[in-house]
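If you read the sequences in order, they're chains S, B and Y. Residues 1 to 667 (UniProt numbering) make up the first sequence, in order. Residues 1 to 667 (UniProt numbering) make up the second sequence, in order. Residues 1 to 667 (UniProt numbering) make up the third sequence, in order. The block underneath contains the structure these notes are about, expressed in structure tokens.
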Amino acid sequence: MLKKLYHGAAFYPELWDGEVVRRDIRLMAETGVNVVRIGEFLWSTIEPAEGQIDVTPLADVIGRLHAAGIDTILCTPTATPPIWYSHGHPERLFVNAEGMALGHGSRQHACTNHPVFREKAAIIIERLARELGRLPGVIGWQLDNEFKAHVSECMCAECRRLWHAWLEKRYGTVDRLNELWGTRVWSESYNAFDQVPQPGPTPFLHNASLQTMYRLFSMEKIAEFADEKAAIIRRYSDAPITHNSSVAFHLDNERLFRHLDFASLDTYASSAHYAAYLLNCDLFRNFKPGRPFWIMETSPSHAGSIASSGVPHPNGYLAAEAVAAYALGAEGFCYWLWRQQRAGSEQPHGAVVSAWGQPGIGYRNVLQAERARQAIEPHIIATRPAQAQVAITYSDKAKAFLATESHGKLRHRGLVSGAYERVLRTGMHRDLVPEGTSLEGYKLLWTPFVPHLSSDLIERSLAFVENGGIWIVGPLTSIRTEEHTVPTDAGLGGLEPFAGAETVFTYAMDGTGTLGEAFGMKAPLSLWSTVFEVSEAISMGNLSGGPSPGLSFLTEVKRGKGKLVLLGSMPAGDDGNEMLERMLIHYGNEANVTRRADTTKGTIVAPRVSETEELWVIVNMNGEGGSVTLPHEGTDKISGAIVSAGKLEVGPYEYRVIAFPAAASLQ
Amino acid sequence: MLKKLYHGAAFYPELWDGEVVRRDIRLMAETGVNVVRIGEFLWSTIEPAEGQIDVTPLADVIGRLHAAGIDTILCTPTATPPIWYSHGHPERLFVNAEGMALGHGSRQHACTNHPVFREKAAIIIERLARELGRLPGVIGWQLDNEFKAHVSECMCAECRRLWHAWLEKRYGTVDRLNELWGTRVWSESYNAFDQVPQPGPTPFLHNASLQTMYRLFSMEKIAEFADEKAAIIRRYSDAPITHNSSVAFHLDNERLFRHLDFASLDTYASSAHYAAYLLNCDLFRNFKPGRPFWIMETSPSHAGSIASSGVPHPNGYLAAEAVAAYALGAEGFCYWLWRQQRAGSEQPHGAVVSAWGQPGIGYRNVLQAERARQAIEPHIIATRPAQAQVAITYSDKAKAFLATESHGKLRHRGLVSGAYERVLRTGMHRDLVPEGTSLEGYKLLWTPFVPHLSSDLIERSLAFVENGGIWIVGPLTSIRTEEHTVPTDAGLGGLEPFAGAETVFTYAMDGTGTLGEAFGMKAPLSLWSTVFEVSEAISMGNLSGGPSPGLSFLTEVKRGKGKLVLLGSMPAGDDGNEMLERMLIHYGNEANVTRRADTTKGTIVAPRVSETEELWVIVNMNGEGGSVTLPHEGTDKISGAIVSAGKLEVGPYEYRVIAFPAAASLQ
Amino acid sequence: MLKKLYHGAAFYPELWDGEVVRRDIRLMAETGVNVVRIGEFLWSTIEPAEGQIDVTPLADVIGRLHAAGIDTILCTPTATPPIWYSHGHPERLFVNAEGMALGHGSRQHACTNHPVFREKAAIIIERLARELGRLPGVIGWQLDNEFKAHVSECMCAECRRLWHAWLEKRYGTVDRLNELWGTRVWSESYNAFDQVPQPGPTPFLHNASLQTMYRLFSMEKIAEFADEKAAIIRRYSDAPITHNSSVAFHLDNERLFRHLDFASLDTYASSAHYAAYLLNCDLFRNFKPGRPFWIMETSPSHAGSIASSGVPHPNGYLAAEAVAAYALGAEGFCYWLWRQQRAGSEQPHGAVVSAWGQPGIGYRNVLQAERARQAIEPHIIATRPAQAQVAITYSDKAKAFLATESHGKLRHRGLVSGAYERVLRTGMHRDLVPEGTSLEGYKLLWTPFVPHLSSDLIERSLAFVENGGIWIVGPLTSIRTEEHTVPTDAGLGGLEPFAGAETVFTYAMDGTGTLGEAFGMKAPLSLWSTVFEVSEAISMGNLSGGPSPGLSFLTEVKRGKGKLVLLGSMPAGDDGNEMLERMLIHYGNEANVTRRADTTKGTIVAPRVSETEELWVIVNMNGEGGSVTLPHEGTDKISGAIVSAGKLEVGPYEYRVIAFPAAASLQ
């Protein structure tokens with residue numbers, strides 16, 4: 001399916017004169033750039049006054065790029081509506097949680113739910129699609145830019161109206177809303193949907209259900225906006241559609257990508273946070289299973305703006321990133337941006353070339369990444385990412401629940417990253433899977449930090465267990481209902497009947513001196529926790545110290561051919577990390593997880609397969625070099641040399657592509 | 001006067017179905033709960049639409065509780081007006097210092113000074129009082145809930161109008177206001193009362209007098225609201241009325257309780273801050289002298305909300321709290337809350353039973369507290385708290401002054417807690433006394449952190465001195481006039497003529513390297529300080545280093561049979577604490593303070609007396625165990641055993657009740 | 001030109017009754033106060049109702065002061081308009097960046113650009129000037145008080161209108177604005193000037209050009225206000241006009257003082273920051289070259305307010321400050337304030353006498369300063385500050401650029417202070433010079449932290465180089481165009497053609513591990529940096545480590561008789577400071593800088609000259625004492641003793657006045 005590997009950059013021909021654009025296209029071709037992304041902020045260029053639309057300059061640039069062998073991802077420019085849209089129309093602006101309307105001059109200042117915005121966006125998108133959608137070289141579309149990166153939930157009057165309609169659709173009657181949200185708690189009770197406030201300023205806390213539902217409403221609305229706009233494009237263009245997203249934005253990525261054609265992401269993790277980079281690859285691969293994803297934006301050197309300053313990548317890191325991405329399922333690896341901004345607020349941001357047209361600090365690394373791309377391309381397109389046997393549930397809905405119920409300190413991203421890093425360290429190949437992902441092919445499933453488990457997810461996961469899988473649930477999972485309330489039947493609600501254990505207590509372990517004992521070691525426990533008394537299950541981890549010593553924080557019970565494991569608390573610190581890794585290896589072994597590589601820290605294996613062979617793309621990501629143990633003799637696909645089984649050394653940021661015959665034992 | 005000890009919990013029958021309520025009442029009775037508090041947030045349940053009032057469900061619950069042997073404290077529900085009150089009425093909302101109206105969905109969003117609010121509150125309170133006020137089992141009333149816990153001064157238009165009226169009443173003419181506030185300083189001068197702003201946003205600082213007066217205005221208004229509502233209840237009910245208050249709220253507690261019948265408080269101090277818990281007991285006992293107070297809310301285990309997370313008490317601490325409270329003058333000890341909230345924003349808060357009806361993490365501690373209550377009850381009701389000989393002045397007006405004049409760092413609560421802990425450590429039994437408290441019975445009075453001393457307080461305290469008392473004044477006391485200005489007659493204003501010393505300089509000691517030398521030791525001095533030159537007085541503590549070495553920070557002068565002591569500066573750090581404790585013991589000895597127990601740190605003695613005996617209730621509060629030196633042979637009232645004079649060991653969180661014959665020597 | 005040295009205090013006769021005023025004048029005269037500043041906040045006293053103006057009380061006070069031998073600096077009271085100005089007129093108020101109008105009750109709440117404000121200010125100023133401007137004793141005027149100390153850019157509707165007019169004047173057409181600001185970046189493009197927003201709240205960052213231009217607009221407008229008001233005064237008074245300014249305020253001081261008559265400043269640096277104090281002297285001397293400046297406000301002991309608390313000066317420091325100021329070019333040294341405020345928000349601020357009329361904690365130091373003033377006066381008035389050979393460029397426009405482009409951490413004041421301290425440590429006498437200052441007389445010029453170099457400054461500085469000067473440029477200098485964009489011709493724009501080096505890369509060095517090697521040592525490099533490849537120039541400092549090792553951060557090239565030196569990066573930490581000092585000494589020697597004293601740290605030499613002799617005023621500023629090496633035998637002007645060449649010891653805060661014959665070698 002994959003035909004080539006794309007190496008690209010964001011390009012803003014509208015910002016530079018024709019001669020600069022011509023030189024840039026020439027230099028791009030020399031550099032090895034084979035795709036550019038254009039158009040995501042140029043609305044005012046093609047519609048300088050309301051209704052005066054002319055997209056022909058874009059057609060011209062696309063044609064010239066195509067002539068130079070460079071394809072185009074075309075963006076809809078709706079992140080930055082022109083001044084004619086907002087001037088004199090405060091009612092069209094995004095309103096933040098303090099009730100402040102945010103104005104023109106930056107990005108995302110328009111409320112994307114306002115009907116006039118929807119209409120104006122539709123008009124400009126239709127023109128772009130109709131006139132440019134079938135041009136040679138246009139290989140894809142990107143909707144807007146980084147939805148909800150700078151803003152979260154809008155509090156404008158139009159959103160209030162839509163919120164009330166959304167509530168009515170969800171609950172039918174306001175009495176049902178009152179009952180499900182428990183609004184009698186503080187006499188919040190509503191007599192009509194139009195009385196339900198947006199979660200604006202109050203003296204103390206808003207109802208948890210209201211807060212979480214407003215987040216879900218907002219997530220649904222932005223996805224609906226994407227759906228609407230994608231539908232317009234499809235009327236005129238066959239090129240696949242994506243959005244450049246991120247786990248950092250206020251989005252439900254699973255929902256967003258449901259009706260889009262491929263997944264893509266922006267990432268500016270520094271080299272010190274290479275695990276965050278890998279997490280993105282292991283997650284975005286799974287939003288559109290079987291379909292390559294794109295790194296749509298990453299810096300060739302450093303992020304930066306007039307209000308921030310990033311650290312340039314160490315030399316060599318960029319190529320390691322590129323190889324890791326391609327090996328883990330990316331089709332494209334693109335920079336933001338080609339030419340340094342000469343104006344605006346991102347002047348200091350790293351670029352491939354400077355504002356005066358000379359190679360930037362990252363340029364040599366871009367060339368190195370291009371050489372790597374060329375070297376691995378035949379091997380990547382001849383294979384596909386191997387099926388992981390380990391899955392970690394990823395849920396942006398869970399992120400919404402934890403944003404509401406943070407206990408003052410819980411950050412979804414940090415929690416999920418911590419869990420991911422534990423799996424990464426075991427060397428087991430892994431997927432981060434959205435809630436709705438099929439569990440076919442997996443052997444071990446971990447579902448941490450998902451306060452509400454949908455009945456569908458419980459049902460499918462239990463079926464996975466019945467069929468031999470091991471499902472580890474927790475911490476902080478299944479402790480809340482769909483409406484963000486506490487279950488009143490049992491601590492873990494609908495899951496508990498299957499657990500062979502009873503939730504006895506729930507409380508935060510921090511500061512209580514409680515230790516967990518499991519897998520031959522002790523570690524402090526942390527976070528809001530669920531404490532169990534086992535019945536049918538057995539305890540795999542007991543509490544010592546604290547207010548409930550002797551009870552269990554880790555239980556397992558056989559169900560069918562598999563096991564259901566409850567992890568009620570979060571082991572903390574270095575010992576906690578070690579304990580979690582032991583737990584993962586223990587259950588990985590029990591589940592017969594075979595796709596696992598023995599590497600030193602900072603070196604990864606991205607396994608790929610074809611009908612005939614299995615490929616290990618080995619990359620050192622931490623710049624310290626390391627080694628990997630090859631299970632068999634293999635072939636270095638780039639040098640052609642035979643490589644013996646056993647320890648293979650890799651230098652700082654070095655990559656290797658080693659092939660083995662397709663081996664059933666690794667599947 | 002005390003007939004029984006109450007052990008209770010907040011109960012929300014309106015949130016659960018009838019079957020759950022029935023089961024809860026049964027379980028309460030088994031657990032030993034003999035009182036519940038109901039109704040404080042249920043306005044929307046009994047008046048779902050404006051004017052449609054039905055309080056009969058409450059009558060039914062009260063009846064069923066009574067049948068089960070459980071009494072009721074009935075609350076007025078005014079902290080959470082229903083949606084019909086605020087929807088479409090932004091003018092009725094609380095407005096914060098930034099001018100932002102705070103909306104429905106949480107608590108305290110109504111401006112309690114709005115005439116419509118006063119009217120609607122009167123209607124619902126009258127109905128509750130009329131229909132329920134004489135029901136069997138109703139033993140008390142609580143007005144509203146935690147006044148001014150989440151909000152401080154309201155800035156709404158109605159409050160502006162009332163502010164102007166309050167100013168006119170206080171000052172008569174605007175010229176007088178101008179003169180007393182010194183408004184010429186920055187051309188603030190007003191030509192009419194209605195020009196005087198509320199202390200909203202300004203480029204720099206508001207006039208100190210304006211700020212402090214607005215705080216006092218606000219404190220007066222909320223007390224007036226309480227008075228009004230209490231008057232309504234009294235027309236229909238004889239049950240005594242309280243409010244669940246705290247030193248943390250924006251209130252003048254002395255004023256608030258003036259027209260209420262008994263004092264009560266909410267406290268969520270963690271076990272590490274047991275001294276804060278004891279401070280509450282030693283203070284709230286004195287808002288209504290001779291009348292027991294209530295701990296109206298405390299957690300059976302931990303506080304918590306969706307935005308915060310508390311640490312559960314160590315096992316054993318809860319019973320220690322209960323015993324300490326009863327011994328120090330409490331009649332009731334009540335939990336928030338009986339059953340964990342299933343919805344809203346306080347889902348993680350500790351409760352006696354979980355949302356699914358099982359014993360919570362604190363349940364065993366509740367049972368232990370109940371056993372303790374039963375064990376001590378006969379001994380507590382046979383005695384009364386012993387008269388303390390040491391008093392510390394407590395003033396919420398002073399809190400208002402220091403909120404205005406914080407010097408960027410002064411926190412009234414922390415300062416007062418520090419002073420209290422010094423007295424606690426000496427083992428002297430003590431009262432924290434509101435400004436207006438009679439000084440009858442005391443021997444040593446310490447008045448720290450009261451920037452303005454009223455002439456009444458000066459007069460009564462000097463009379464106390466004349467009669468043999470020792471009065472320690474400062475730090476930060478008597479440095480400002482009633483109008484929050486600097487005295488222009490002398491540094492300490494009206495007090496200085498009696499001091500036998502002259503205020504030479506005032507400045508902040510921090511960072512100057514100044515040491516204080518007193519009681520055979522040196523300690524660094526801190527905070528805004530008053531430096532003295534003695535005349536008639538003698539210096540008990542001299543400065544070394546800094547810009548004014550050789551002068552005095554601690555003076556004493558004989559007046560009548562007693563002494564007036566000025567403490568001009570705050571000794572800091574461990575040495576400073578030691579110096580303050582030496583000072584207190586020194587003057588305690590001079591004043592012949594005999595009611596003092598020799599205990600290890602973390603173990604306290606609460607002395608109680610009857611006509612025939614003196615009781616020492618000894619409690620270990622820090623969980624480390626300790627000992628107390630018994631001055632005489634005594635009787636263990638619980639075991640009946642004789643206990644020798646000398647050292648008595650107590651285990652972690654252990655309590656003992658030791659009786660001695662009534663001994664004049666301890667009075 | 002200098003006839004006497006003034007020693008003064010701010011005086012508020014309007015706040016005290018006549019008897020207090022009379023006593024204060026008497027005590028001032030005794031204390032040695034020979035000038036007071038009056039009137040800057042008394043608008044409401046002289047115009048209590050709109051149009052009812054009576055300034056005669058001021059005339060009376062001025063007369064009485066004059067009779068006591070005390071001169072007067074008369075202030076215009078526009079920082080605090082009376083209540084009649086703002087009450088009922090929210091449209092006249094200052095509006096902050098969040099869109100919040102700031103109200104009456106403090107200072108600077110009026111928008112100084114509002115036409116009604118301009119009119120009312122003109123009326124009161126004219127009356128003051130007309131009636132008091134020629135009174136005996138009136139020796140100067142101060143406009144307003146601390147412009148833009150508490151507020152920065154106003155966002156009111158009137159300012160919006162003026163902003164649009166200012167833009168139109170600056171750019172002519174909106175197309176030109178769009179082009180120069182690069183507004184196509186995020187579709188910001190404007191179709192008319194009246195669409196250009198003020199930099200209010202947006203979801204992400206505003207365009208850099210818009211932000212910087214709004215700052216420059218605001219700086220221009222407040223200077224225009226000063227110009228207008230000075231013009232009125234000049235119609236009636238010959239006394240020179242100043243404003244009490246500071247580098248901490250949101251002002252362009254060079255522009256502000258352009259049409260004023262002398263420079264003055266307020267400073268409250270603590271003794272620990274004596275270098276900040278000296279920086280002020282070395283800068284403000286140069287706003288009106290050849291004309292003495294004034295320290296218009298400094299505390300006799302400590303700063304303070306109800307919201308802050310300062311540390312009193314160590315005894316002795318005040319006289320050191322006074323001597324340093326006079327020696328470095330001050331004519332006046334004045335305290336804020338004479339008598340402690342009895343009311344308002346600055347009650348705790350240090351004053352010469354207390355609110356109750358007694359000497360304050362600083363009083364003895366004031367007397368010591370007065371003795372010093374008398375001792376040095378004849379020697380100061382017989383000489384003038386020596387011409388410095390070293391200049392550091394100071395630019396408040398650069399401050400505006402860095403406020404816009406802070407990279408999240410850059411603070412202009414801290415950066416400039418750091419640079420200044422490096423020069424101070426070398427012992428070279430120095431000027432901080434505004435951008436437009438003539439370079440006549442200098443040998444070494446350092447221009448750090450000026451993102452945009454005007455073509456005029458480049459031209460004049462290159463001419464300075466041609467004539468033999470050495471010009472060190474950077475760090476962070478010449479990296480932006482006049483419109484706050486990135487140059488597109490070369491990294492350093494118009495300067496680069498003269499540099500003999502090419503800007504290869506720009507990036508932030510922090511966190512990259514890059515070291516700079518120069519002058520025989522290594523130091524870590526920091527901040528946004530410019531990396532060079534030399535052509536004609538030679539590299540004086542190379543990079544090691546990081547992403548661009550081997551390139552240059554420090555280049556020099558001969559131009560005419562001098563050298564152009566580029567410093568592309570900021571050496572950091574102790575090693576960085578040492579490296580910078582070595583660089584300065586190296587180029588100081590090359591440039592033949594002879595005016596340099598060899599002192600221990602914390603001891604300074606302020607050189608002064610006359611036709612016949614050269615004076616070294618030596619002051620120990622750090623309270624630790626120290627020494628200075630005298631190049632020749634000299635005369636102690638105070639004792640008359642002969643002092644040998646070589647090491648001269650000075651005690652803590654001691655000062656000496658040593659005269660040498662006028663020595664060409666030092667010129």
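Note that beta-carbon positions come from the ideal geometry of N, C-alpha and C, so glycine has one too.
{"query": "Check the Cβ of S:His206 against every Cβ in chain B and list those closer than 8 Å, keeping chain order.", "result": "Gly105, Ser106 and Ser345"}
{"query": "For chain S, find out if any of its Cβ atoms is closer than 7 Å to the Cβ of Y:Gly408; answer yes or no.", "result": "yes"}
{"query": "When DSSP labels each residue in this structure, what does Y:His155 get in the three-state scheme?", "result": "Per the sequence shown, residue 155 of chain Y should be read as Met rather than His. Coil."}
{"query": "Establish whether the CB of Y:Leu666 and some CB of chain B are separated by less than 7 Å.", "result": "Note on Y:Leu666: pLDDT 49, under 50, position unreliable in the model; the coordinate value appears next. Answer no: the Cβ-Cβ gap between Y:Leu666 and chain B never drops below 7 Å."}
{"query": "Does the beta carbon of Y:Val20 sit closer than 7 Å to a beta carbon anywhere in chain S?", "result": "no"}
{"query": "Find out if the Cβ-Cβ distance for the pair Y:Ile46, Y:Asp54 is shorter than 7 Å.", "result": "yes"}
{"query": "Less than 7 Å between the beta carbons of S:Glu158 and S:His114, yes or no?", "result": "yes"}
{"query": "Inspect the beta-carbon positions of B:Gly513 and B:Ala523 and report whether they are closer than 7 Å.", "result": "no"}
{"query": "I'd like to know if the region 363–375 of chain B and the region 412–425 of chain B are in contact, where contact means that at least 3 CB-CB pairs between them fall below 8 Å.", "result": "no"}
{"query": "For S:Pro448, does the three-state DSSP call read helix, strand or coil?", "result": "coil"}
{"query": "Run the CB neighbour count on B:Asp282, radius 10 Å, all protein chains shown included, and call it buried at 16 or more, exposed below.", "result": "buried"}
{"query": "Can you tell me which of the three DSSP states B:Pro661 falls into?", "result": "strand"}
{"query": "With DSSP run on the structure shown, which of helix, strand or coil describes Y:Arg425?", "result": "helix"}
{"query": "For the pair the region 536–543 of chain Y and the region 499–512 of chain Y, tell me if three or more CB-CB distances fall below 8 Å.", "result": "yes"}
{"query": "Is there a Cβ from chain Y that is less than 7 Å from the Cβ of B:Phe505?", "result": "yes"}
{"query": "Under 8 Å, CB to CB, which of the residues in the region 40–51 of chain Y have a partner in chain B?", "result": "Phe41, Leu42, Trp43, Ser44, Thr45, Pro48 and Ala49"}
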